[in-house]
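Notes for the one structure printed next.
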Amino acid sequence: MEEIGNILYTAIMEIGKEKIQSDITSDIGLSRQYIKMIMTQCDKRIKNTSNKTIGSLCEALLHFMLTSCTLPSVRKLNIEGIDLDIVIPNLHTLRKYPDKAIVIQISKGMSNIMKEQLKNVIKIQPNIRNLWVVSRKPFLTGHINYIVEPGKNVPSLQKRNFHDIILDINKFLELAGDRSFRFFQ
0 MEEIGNILYT AIMEIGKEKI QSDITSDIGL SRQYIKMIMT QCDKRIKNTS NKTIGSLCEA
60 LLHFMLTSCT LPSVRKLNIE GIDLDIVIPN LHTLRKYPDK AIVIQISKGM SNIMKEQLKN
120 VIKIQPNIRN LWVVSRKPFL TGHINYIVEP GKNVPSLQKR NFHDIILDIN KFLELAGDRS
180 FRFFQ
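Under numbering that gives the first Met the number 0, the sequence shown has 127 at position 128, and the numbering climbs by one with no breaks.
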């Protein structure tokens, strides 16, 4: 997946890493535009559009955007043998106050494998509304699903466009009363 990282980094550098960071720090709403722009640039270069490839791209882009927006997150955790891709805002909040934390899982394989993983993740994040799934195509579960290729699907409370994820994370943190240290916002 090193190739995906290179493709993503190239797209970010073409737009301007510092420009992206500066813009979304002063106006987080611009994250939507930049995610669309970066994904479009990457789509032009990606030869293999498998779930694994697209999932890895989304994960790397999400890491970049979370860092650029200075939104609190913990990445790549293993708790009680269960792999978590991203926890917002932190592990302490997830354990003590799961209603004030989000777990984001990135689909990189077959939907049946992801459904099995989600059954385990629910043990750690019992609030189904706070267990978000990022996938290439719509994922049929009761979870909030951020879709990379929305096609003809109309966004709804459960089906969302991937480019909205940073805005939704920020809104969630505001509603949850998160006071984590942020450099600029």
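Beta carbons are placed, not taken as given, at the ideal position from N, Cα and C, and that holds for glycine.
CB-CB length for residue i against residue j, believed under 8 Å
| i | j | result |
| --- | --- | --- |
| L174 | G28 | In fact, because the Cβ distance is near 17 Å, the residues do not count as touching under 8 Å. |
| Q116 | Q124 | Actually they are not in contact, since the Cβ atoms of Q116 and Q124 sit about 12 Å apart, beyond 8 Å. |
| K107 | N47 | Contact doesn't hold; Cβ gap of about 12 Å is too wide. |
| R74 | H91 | R74 to H91, Cβ: 15 Å. No contact. |
| V120 | I81 | 6 Å |
Three-state secondary structure (DSSP) of residue i
| i | result |
| --- | --- |
| N126 | coil |
| R159 | strand |
| L70 | coil |
| K46 | coil |
| D98 | helix |
| N89 | coil |
| G147 | It should be noted that the sequence gives Val, not Gly, for residue 147. Here V147 sits in coil by DSSP. |
| D26 | coil |
| K114 | helix |
| I103 | strand |
Chain-order list of residues whose beta-carbon lies under 6 Å from that of residue i (same chain, five-residue window excluded)
| i | result |
| --- | --- |
| L93 | V86, A100 |
| N129 | I101 |
| Q184 | Bear in mind that the predicted position of Q184 carries a pLDDT of just 39, short of 50, making it too unreliable to give a figure here. |
Close-in-space but distant-in-sequence residues of the same chain around residue i (CB under 8 Å, 5 per side omitted)
| i | result |
| --- | --- |
| L7 | I37, C41, L56, A59, L60, F63 |
| Q20 | S67 |
| D22 | L29, Y33 |
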